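Heads up: the first sequence is residues 27 to 714, going by the numbering used here.
For each residue, glycine too, the CB sits at the ideal point set by N, CA and C.
Source: prediction; values computed, not measured.
Inspection log for the structure reproduced underneath, given as structure tokens.
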Amino acid sequence: MPLSLLNEEQLGAATARFGHNIVIASAGTGKTSTIVGRIAHLLNSNVAPEEILLLTFTNKAAAEMISRLSTLFSQKIASKIEAGTFHAICYKLLKRHNPAILLKQPTELKTLFRSIYEKREFKKLHYEMTEYSANFLYDTYSFYQNTELELCFGDWMYNNRPDHECFCDIYEDIAKEYERMKDRYGYINFNDLLIKTKELLNKEIFVNFKEVLVDEYQDTNSLQGSLLDKIEPSSLFCVGDYDQSIYAFNGANINLIGSFSKKFADASVFTLKKNYRSTGLILSLADRVIKFNDRIYPKELEVVRKDKPERPALLEFDELFEQYRSVSLKIKRNTINYDDVAVIFRNNSSADGMEASLRELGISCKRKGGKSFFDAKEVKALFDMYAFFVNPKDMMAFIHIFEYAKGIGSATAKDIFEGLKRMGQGSAYWGILKPDTSIKNPFEKRKVNYQLALFDDFVDLECVSKFAHLGLDETVLENPILKHPKFTDESAIFLNDFCILYKKVNKIKEPLAMVEAISDSNIYKYIIEMLSTSRALKKDRSVDADLKKKALLNIERRVILIKKLTKNHTDNQRFLNAMILGSSELSKGDGVNLLTVHASKGLEFKDVYILDLMDGRFPNRKLASKGGSIDEERRLFYVAVTRAKDRLWLSYAKEDRIKKLKFQPSLFLYEAGLKRNNDEYVKLSKEK
DNA sequence: AAATGAAACGTTTTT
DNA sequence: CGTTTCATTT
């Protein structure tokens, strides 16, 4: 019985009556156990597993809790519980009602946004003002969608940035066209998952959950909050910690947790105070610092551990890389098991130096975040092909693939895609596999720029027979798409290889088989040949054979990793979706954990080293202008510190010799009482 | 419209 | 430092 393992305060929360319950759970107080206990209690009270919805911040967290439940109950019961992130759950629901949706990577839709943005003329209206960049506007729009529920984008922009009044209409218009374009292509992004689900709940669809549980409630944003309102469960069980709210940049609305008991008349508030994780000295350090923030709920942490603790230590260094090297050395000397160690930092930029230093000492480490992995061109290319094969409507994927063909850029690639669609009666799928050869001209007549007079309109199509000598596949041979004047022998072969692969993968349902088919194909080999060559280019434009070999090996390694990722996946669509929704959740190998503070959320380690505690870097003062606050930075510090179970080191360097920067110690080191120098402290405090 | 070469830039965090 | 964006050429 899991409930018997809970302490009194946890048990009280876990067995709370149906209704609106909020649990204020400080770091290390057994939040996860309480949620698991709560679900156990529900199941014991004859609530059916499919009547329970568990919303977590990461899919990993959801999987962990479900796995814990499956040991308590049966696997069969545990797997029936709806559990996942807001986004994952919404995706599931949407897909059920509209199977045609295509979830795309955020950067992908940014490209679409930019293409719309770039057609606008700002300067003609106001010479004296500079408009926001497409990038900034996209991010701002995304933030708007997560936080604003009433106003339209233009009005919201006007309220927030009145100096941009003259552009607000254009901004709004861009956003509207962006929405239209997404609709037209069937694309959706992360925000749309929530927005469209909300719309769905507004009309036809009802979901019926006896209880909805929300983990990490402090990081819920207004949009997610409104989604909860729409679901309107008869019983709501939210768990969070005000002091660990670190997602303001994503619209996390700290007021949701603060106003919970005002919003619901029947609300019960539970507080978990007993900390099992950390030593008293670590906790008192965390507590000293977080006390500088305003309190919403009173909070005293109770230290449960009575073992004799090691004092958290300050590490001071003259130079940035000396810090990384010394900390690495310290880890080597101090550590029995590298997996128990975490190195935590505010900015990802700290990771490279640290990783290099660890590697130098032969210490293995793992970094969270597949960002660089999924951004690699060879990975993108593979997944673009994958995406198109699974979903031939995906025009952007098609364009990206064909940009690799010599002489074909995005414009021609689009022509080809539209052409194939026409050849297949509206579906590129048939346009490739069974083109309608009776169509003489598959291309739209377009207005070309006659002023440049560079190219003719596509009135005079080339003859398909000019590729007869290439020995093309029968489906490609007669395909009128080859009439496009941009096709050369080389790009015709590219198309040919593409079609052959398409035919081959057409019936494949297994992700692993799919990845293998793609990576073994001629066309993929052609692409990685291009990539490795360009990576091995020297200044005099000759190819460094050694570098090229290395580049190919790197690519191969990534392909192997992709193959590994297909493990546990049996469905193409789901695999692809998981790659997008959980692209940052993979971490590989074992060894020291290198983590940003954000990534460390919810984790715990015996030994924790916090790096680069310099004013400007942590706290990151650049962010103040962008909606960040020193309070939020302080919460980040609090989260980082409370990851530590046994030992804690706080480290900073006085200078970056490479970038020629001098640093002051972080304000938080003073607040923690680790540094005493009143002049500096007063100065730093004033700056906030 | 695409390829090539030059310059700039950028480092906050996540689904 | 490596990638991304910009400008120039074909």
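Query	Result
Of the choices I465, V315, Y455 and E381, whose alpha-carbon is the least far from that of N417?	Y455
Return the chain-ordered list of same chain residues with a C-beta closer than 6 Å to the C-beta of F694, the five sequence neighbours on each side being excluded.	V315 and F663
Check each candidate in D165, L29, F193 and K202 and name the one with the smallest Cα separation from C178.	K202
Is DSSP giving S352 helix, strand or coil here?	helix
With a CB to CB cut of under 6 Å and the five nearest residues on each side skipped, what residues in its chain are close to G445?	P468, F469 and I507
Could you check how far apart the C-beta atoms of T668 and F371 are, in whole angstroms? I think they sit under 8 Å.	Their Cβ separation, rounded to whole angstroms, is 16 Å, which puts T668 and F371 out of contact at 8 Å.
Determine which residues share a DSSP beta bridge with L309 and list them.	Note: L309 sits in no beta bridge, so no partner.
Taking H67 as part of the alpha helix (DSSP H), name the residues at either end of that continuous run.	K57 to N70
Report yes if the CB atom of F232 is closer than 7 Å to the CB atom of P259, and no otherwise.	no
Mind checking whether the beta-carbon of V353 lies closer than 6 Å to any heavy atom of the ligand FMN?	You won't find the ligand FMN in this model; it holds no ligand whatsoever.
Give me the DSSP bridge partner(s) of V531.	Its beta-bridge partners do not exist; DSSP assigns none.
What does a CB cutoff of less than 6 Å around F577 pick up in its chain, not counting 5 residues either side in sequence?	The sequence shown places Ala at residue 577, rather than the Phe named in the question. Taken in chain order, the residues that qualify are S558, R561 and A562.
If you compare alpha carbons, which of G699, D366 and K686 is closest to F347?	K686
Using the Cα positions of F296 and L32, report the straight-line distance between them to the nearest angstrom.	14 Å
Using the Cα positions of L340 and L700, report the straight-line distance between them to the nearest angstrom.	7 Å
Among all the DSSP beta bridges, which residues are the ones paired with G110?	L81
Express the C-alpha separation of L128 and V367 in angstroms, rounding to a whole number.	39 Å
Among the candidates R643, A40 and R43, whose CA atom is the shortest distance from the CA of S375?	R643
Quick one: using the 10 Å Cβ neighbour count with 16 as the cut-off for buried, is D269 buried or exposed?	buried
Whose CA, out of N646, R210, D523 and G306, lies closest to the CA of P338?	G306
Go ahead and pull the three-state DSSP assignment for N319.	coil
So who's on the other strand from L129, going by DSSP bridges?	I214
What's the gap between the Cα of G212 and the Cα of P125?	10 Å
Going by other Cβ atoms of all chains shown within 10 Å of its Cβ, with 16 needed for buried, is I65 buried or exposed?	buried
For Q36, count the other beta carbons within 10 Å of its own beta carbon; 16 or more makes it buried, fewer makes it exposed. Which is it?	buried
Would you grab the beta carbon distance between E191 and Y184 for me? Rounded to a whole angstrom, and I think it's under 8 Å.	6 Å
Please state if the CB of I78 and the CB of F286 are separated by a distance shorter than 7 Å.	no
Who are W675's beta bridge partners in DSSP?	A339 and Y635
Whose C-alpha, out of V541, K671, K300 and V634, is nearest the C-alpha of M411?	V541
Apart from the five residues just before and just after C525, which ones in its own chain have a Cβ nearer than 7 Å to its Cβ?	I458, D499, T501 and V502
Which residue from D546, A494 and K509 puts its Cα closest to that of L527?	D546
Taking V618 as the reference, which of Y364, F409, I588 and K551 has the closest Cα?	Y364
DSSP on S692, reduced to helix/strand/coil?	coil
From K590 to D401, what does the alpha carbon distance come to, in whole angstroms?	18 Å
Determine the direct distance from the alpha carbon of A431 to that of I606, and round the result to whole angstroms.	26 Å
By the three-class DSSP mapping on this structure, what secondary structure does F424 have?	helix
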